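A.B. asks: First to last, the sequence lines map onto chains H and Z. Following the working numbering, the numbering of the first sequence begins with 1 at its first residue and continues without gaps. Following the working numbering, the numbering of the second sequence begins with 1001 at its first residue and continues without gaps.
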Amino acid sequence: MSPWRPRSAVDLAGAINLVATLTKYLSLAPLVPAAVAVGYGESPWPFLFAGAIVGGTALGVEFLTRGNHRIGSREGFFVVAFTWLTAAAIGALPYLLSGEVQLDRPIDAYFEAMSGFTTTGSSILVDIEALDRSLLLWRALTQWLGGMGIIVLALAVLPRLRVGGRQLLEHEAPGPEIDDSLAARVRDTARRLWLLYIAITFAEIVALAVLGWTGIDERMDLFRAVAHALTTLPTGGFGTEGRSIEPFAATTQWVIAFFMIVAGTNFALMFRALIRRDGRILPRDEEFRLYLTLLGFASLVLTIELWTQGIALGEDAIRHAVFQTATMMTSTGYASADFAQWTTLTSITLVGLLFIGGSAGSTSGSVKVVRHLLVGKLLRREIDETIHPEIVTPVRVNNRVVDERTLRSVLSFVLLYIGIFIIGASLLVLDAARTGIELGPLDAIAAAATTLANTGPGLGFAGPVGTFEPFSDFSSFVMIGLMWLGRLEVIPIVVLFSRHYWRNA
Amino acid sequence: MQASATRALIRVTIATGAATGGSNLPHVKIFVIGAGQVGATIVQALHDEHELTVFDLDGERLAAISQRYDVHTVEGNGASRRVLSDAGINGADLLIACTSRDESNIVAAMISKACSARTTTVVRTTNPEYLEVWREGQLDVDFIVSSEVETAYAILRTVGVPSARQTDVFADGQVQLVEFDVTAAADPAILGEPLREARTPADSRIAAIIRGDGVVIPRGDETIQPGDRIVVIGSPHAAQLWGDLISPGTGKVRDVVVFGAGRAGTAIARLLLEQGIGVRLIEASRERARLVAAELPDARVYNATGFDPDFLERERIADAQVSIFAMRDDLKNHFAATLAKVHGARFTIAIVHDAPSQEVFEHAGVDVTVNPRQITAEEIVRFAHDPRTQQVVMLEGDRFEVLDITTQRDSEYIGLKFKDMPIRGALIGAIVRDGKAVFPRGEEVLRPGDRVIVFTESQRVAEVEKAL
């Protein structure tokens, strides 16, 4: 039986083949929660079946699409987009097979799974704590694996596709493609950064576990330490508690806040700083400096507001301000307090942070600080050029000139991002009116923004201690789309919808 | 930075010459490759003290030189091994390659090195890249003189003291030589007053007053008149003060406009920026403008021709304290300079590639003209001079020279007080003792080993060198 090969400018079979290969590896993941299930006396079968089904299908598709394939940049777009779609399907299977009543509808299971692999953290669960531990661990694992994928995506794959924020700052000369240089490049970068990612995850597990063992935090145990570490690093936000991080001790909240900020920093930069033992690499980076400045400024605003409104005082106010700022900016989504109950100013600030994002080259979502940096410099130059029409000023970041093409792509991204956000928010509002659920304009904005930014909590009923359950299936579908678009930085998916992608013209 | 590197290297070599205590060097055999403007200037400066052989492909140029000067000439390619060895390269002490083509100069020097290791090679180049490669030790040439860099340095010194006509430095910048054109607008404290009583800045001396065609080495009763051109030797601070006295109201330069971002313009801009002076660069080519804007982050680069009066007005080009015209074409520089002056440019400096054109520029009202070839020739001549003579500066188109000489033990001037020294058409402007500059008053005594900055007429140079 000869492999099926459609005729188009894209080696579709090759792309599907690669997706199948990746899926094949991913099918091993359910083994972990299976083991945990056995350990806690729960049923491992949903996971084992899921793994078998996915593995089998992947092998089958791999076989069907076997052959000599040229995986180049073109195929890269397809692979990237579809890997996440299939990953979400893999994530959903155990939910569906588990018999858990809150996750028995496919759309709900898919929503939760997509929220996992895109490291969003929005949940349709109403009662998180009713879930089996193995299921909770699977939730956390989907986010952790999603985070690994993001690192590779952000630092190796997307720059080669000339998308993403970080290629602007590193000397990522795309260069000629030799064989499957895409795969080779990915492998090199991935290996190094995954090590860092795993190491920091481990560090957080230890830190949290210690807090539990020493009794500083009575609610923390090893399971919770692992679950939270697995979801902090990918800036995911799937917790084990109904009230997010609120039930934990103040020290725990500070520790998690710290790791959130680390997770929102450029991993390649951190890697270089560690390898060369050069502590000045980070502060010398313009994006990092802006990242910290924005964190500081927003924290200050929130602290003052909390204090003056009497919502929290002293160390509480500072802690909650810093935590919420960090969580919304890095797109993690944990909450140390139910900020949906706070004031209008805090809501606007926090929703605003949703549009900033963390550093490029981290697991954060949203627009990302480096793009804001570039747009800011671009605007300043525009004004300069209006005053001095003949002036020639290159835009510089970290003392390197940024080429004009890159600047244009950043502007395009920002416009696309805002456009998609507006469409998403509008659809949510319209759908809410149709189904009669109570969704005010700010709440709709929050819901669209938080899913697009892969953060997690919104306002109103979908707040940090709330749930996305009341949304209709259509709204869930819209938000799944937003999560998908946001995670992949919009452009790879938009490219798939272009005629030029599929034809040679 | 690049210029000071070439200078530092020059001084190192010649200082070692002094350490070995050479007497007045007899005929040094010098090969000069290239009889163009630079070559001709060098020949003019060196022909009477040393044995020169001049090479060029152009027979007519050589004829013109051999008619005026007593030198050997060879019509041939100075970069050819056969030509060089036939001419006796093994006996040459110094080879100066100063054709208009960098590559020929470099090849000539390298072949010379291959044939005769003892011959010191000096290469003229216009491409700053070769200077860089040479500084990294990758070129087998003893010295490189970069026209662009030397020109930029000369302009920088002028910009530092805007009312001066020409400036130079000695003793690592401790001693400055400045030439001023005195007008009636000068501070009355120095006009018409006998020098003995005039309140001139401390740490400086007037080396000479050039009045019309005559030179006066002033004594105490001499006065400065409007229309004079005075030569002052003093400390940098004193030079600044003199500048303020000659043209009151011009402060320290903060803002300069450079027309033309070619190699010369960029080199000038770079040096100015390093001094903390704000630079606006005007370049007509968009590509070049972008390139230079990327290279010089602190400069403001404009993509314009400099001929658009609207642009000049809008950008208030005239507000700049100094306007420098460094385009490749003398004609363009001339027009742009005149246009700029029409729109109120205050102080203009132009690079003039053709020496005869300097008069044209001065007639147009350009304040300072800089001839890269003359400056290059000056630098190169250094190597050929008495090794004790550490620095040579040519003024007034070679009528006068300022020398930096280390006194010998048996000089008749040792032990004399300065006020007692007989003046033989020369004046000692400053001495450098143990590395520090001293501006001698009458009671000061000359000691052996002092380095002396002497102002003298060109024809008396040999005398002065012998005397000291």
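The beta-carbon is built from N, C-alpha and C at its ideal position, and this holds for glycine as well. Keep in mind it's a predicted model, so treat the numbers as computed, not measured.
With a threshold of 8 Å between beta carbons, is residue 1476 of chain Z in contact with chain H?
C.D. replies: This structure cannot settle anything about residue 1476 of chain Z, because the visible part of chain Z is limited to 1001 through 1468.
A.B. asks: Are the CB atoms of residue 103 of chain H and residue 227 of chain H nearer to each other than 8 Å?
C.D. replies: Not closer than 8 Å, so no.
A.B. asks: Just tell me which of Z:1412, Z:1030, Z:1345 and Z:1146 has its CA closest to the CA of residue 1118 of chain Z.
C.D. replies: The shortest C-alpha separation from residue 1118 of chain Z is found at Z:1030.
A.B. asks: Could you compute how far the alpha carbon of residue 1227 of chain Z sits from the alpha carbon of residue 1192 of chain Z?
C.D. replies: The straight-line gap from Cα to Cα measures roughly 12 Å.
A.B. asks: As an exercise, report each continuous alpha helix (DSSP H) stretch of at least 4 residues that is fully enclosed by the segment 23-110 of chain H, in chain order.
C.D. replies: 31-40, 45-64 and 73-98
A.B. asks: Which of the residues in the segment 1288-1303 of chain Z, read from start to end, lie with their CB under 9 Å from any CB of chain H?
C.D. replies: 1289, 1290, 1292, 1293, 1294, 1297, 1300, 1301, 1302 and 1303
A.B. asks: Using a C-beta to C-beta distance shorter than 7 Å, which residues of chain A count as neighbours of residue 1315 of chain Z?
C.D. replies: The structure shown contains no chain A; its protein chains are H and Z.
A.B. asks: Applying a beta-carbon distance threshold of less than 9 Å, which residues of chain Z neighbour residue 396 of chain H?
C.D. replies: 1294 and 1297
A.B. asks: Give the list of continuous alpha helix (DSSP H) stretches no shorter than 4 residues that lie fully inside the segment 219-266 of chain H.
C.D. replies: 222-232 and 250-263
A.B. asks: What does residue 393 of chain H reach in chain Z if we use C-beta pairs closer than 7 Å?
C.D. replies: Within 7 Å Cβ-Cβ: 1293.
A.B. asks: Please confirm whether residue 76 of chain H and residue 157 of chain H have their CB atoms less than 8 Å apart.
C.D. replies: Yes. Within cutoff.
A.B. asks: Leaving aside the five residues before and after residue 1369 of chain Z along the sequence, list all residues of the same chain whose C-beta is less than 6 Å from its C-beta, in chain order.
C.D. replies: 1350, 1352, 1358 and 1361
A.B. asks: I'd like to know whether the C-beta of residue 1010 of chain Z is nearer than 8 Å to at least one C-beta of chain H.
C.D. replies: Confidence at residue 1010 of chain Z is low in this model, with a pLDDT of 27, below 50, so its placement is unreliable and no value can be given for it.
A.B. asks: Just the chain Z side, please: which residues come within less than 8 Å of residue 401 of chain H by C-beta, in chain order?
C.D. replies: When 8 Å is used as the limit between beta carbons, residue 401 of chain H is near these residues of chain Z: 1294, in chain order.
A.B. asks: Taking the continuous alpha helix (DSSP H) assigned at residue 1255 of chain Z, which residues delimit it?
C.D. replies: Element bounds for residue 1255 of chain Z: not the alpha helix (DSSP H) but the beta strand (DSSP E), 1255-1259.
A.B. asks: Sorted by chain position, which residues of the same chain lie with C-beta nearer than 7 Å to residue 80 of chain H's C-beta, five sequence neighbours on each side aside?
C.D. replies: So the list reads 153, 157, 488 and 492, once near-sequence residues are dropped.
A.B. asks: Taking the Cβ atom as the reference point for each residue, do residue 1080 of chain Z and residue 1115 of chain Z lie within a distance shorter than 8 Å?
C.D. replies: Using a Cβ distance threshold of 8 Å, residue 1080 of chain Z and residue 1115 of chain Z do not count as a contacting pair.
A.B. asks: Could you check which residue in H:353, H:388, H:354 and H:407 has the C-alpha nearest to that of residue 376 of chain H?
C.D. replies: H:407
A.B. asks: Identify every run of the beta strand (DSSP E) within the segment 280-330 of chain H, keeping only runs that are complete inside it and at least 3 residues long; order them along the chain.
C.D. replies: none
A.B. asks: If you draw a straight line from the C-alpha of residue 1043 of chain Z to the C-alpha of residue 1429 of chain Z, how long is it?
C.D. replies: 28 Å
A.B. asks: Where are the alpha helix (DSSP H) runs, 4 residues long or more, that stay fully inside the segment 405-454 of chain H, in chain order?
C.D. replies: 441-452
A.B. asks: Since residue 1289 of chain Z is in the alpha helix (DSSP H), which residue starts that stretch and which ends it?
C.D. replies: 1286-1295
A.B. asks: Within the same chain, show all residues whose beta-carbon is closer than 6 Å to that of residue 1082 of chain Z, passing over the 5 residues directly before and after it, in chain order.
C.D. replies: Cβ-Cβ distances below 6 Å link residue 1082 of chain Z to nothing in the same chain once the five nearest sequence neighbours on each side are left out.
A.B. asks: Mark residue 1019 of chain Z as exposed unless 16 or more other C-beta atoms lie within 10 angstroms of its C-beta, in which case mark it buried.
C.D. replies: Residue confidence for residue 1019 of chain Z is low, a pLDDT of 30 falling below 50, so the modelled location carries little weight; the figure read from the coordinates is stated next. It is exposed - the Cβ of residue 1019 of chain Z has fewer than 16 other Cβ atoms within 10 Å.
A.B. asks: Could you tell me the boundaries of the alpha helix (DSSP H) in which residue 1117 of chain Z lies?
C.D. replies: Careful: residue 1117 of chain Z lies outside any alpha helix (DSSP H) and carries neither H nor E.
A.B. asks: Would you mind sorting residue 1259 of chain Z into buried or exposed? The rule is 16 or more other CB atoms within 10 Å of its CB.
C.D. replies: buried
A.B. asks: List, from N- to C-terminal side, the beta strand (DSSP E) runs of 3 residues or more that fit wholly inside the segment 1058-1126 of chain Z.
C.D. replies: 1072-1075, 1094-1097 and 1120-1125
A.B. asks: By DSSP's criteria, residue 1426 of chain Z is part of a beta bridge. Which residues make up the other side?
C.D. replies: Z:1456
A.B. asks: Taking residue 1281 of chain Z as part of the beta strand (DSSP E), name the residues at either end of that continuous run.
C.D. replies: That run of the beta strand (DSSP E) goes 1278-1283.
A.B. asks: Alpha carbon to alpha carbon, how far is residue 1222 of chain Z from residue 1238 of chain Z? Give it in angstroms, no decimals.
C.D. replies: 20 Å
A.B. asks: The alpha helix (DSSP H) spanning residue 377 of chain H covers which residue range?
C.D. replies: 369-387
A.B. asks: When the distance is taken between beta carbons, is residue 1400 of chain Z closer than 8 Å to residue 1457 of chain Z?
C.D. replies: yes
A.B. asks: Using the C-alpha atoms, what's the distance from residue 256 of chain H back to residue 373 of chain H?
C.D. replies: Rounded to whole angstroms, the separation of the alpha carbons of residue 256 of chain H and residue 373 of chain H is 27 Å.
A.B. asks: If I follow the unbroken alpha helix (DSSP H) through residue 473 of chain H, where does it start and stop?
C.D. replies: For residue 473 of chain H, the enclosing alpha helix (DSSP H) begins and ends at 473-487.
A.B. asks: Report buried or exposed for residue 1263 of chain Z, applying the criterion of at least 16 other Cβ atoms within 10 angstroms of its Cβ.
C.D. replies: So residue 1263 of chain Z ends up on the buried side.
A.B. asks: Can you say whether residue 126 of chain H is buried or exposed, counting buried as having 16 or more other CB atoms within 10 angstroms of its CB?
C.D. replies: exposed
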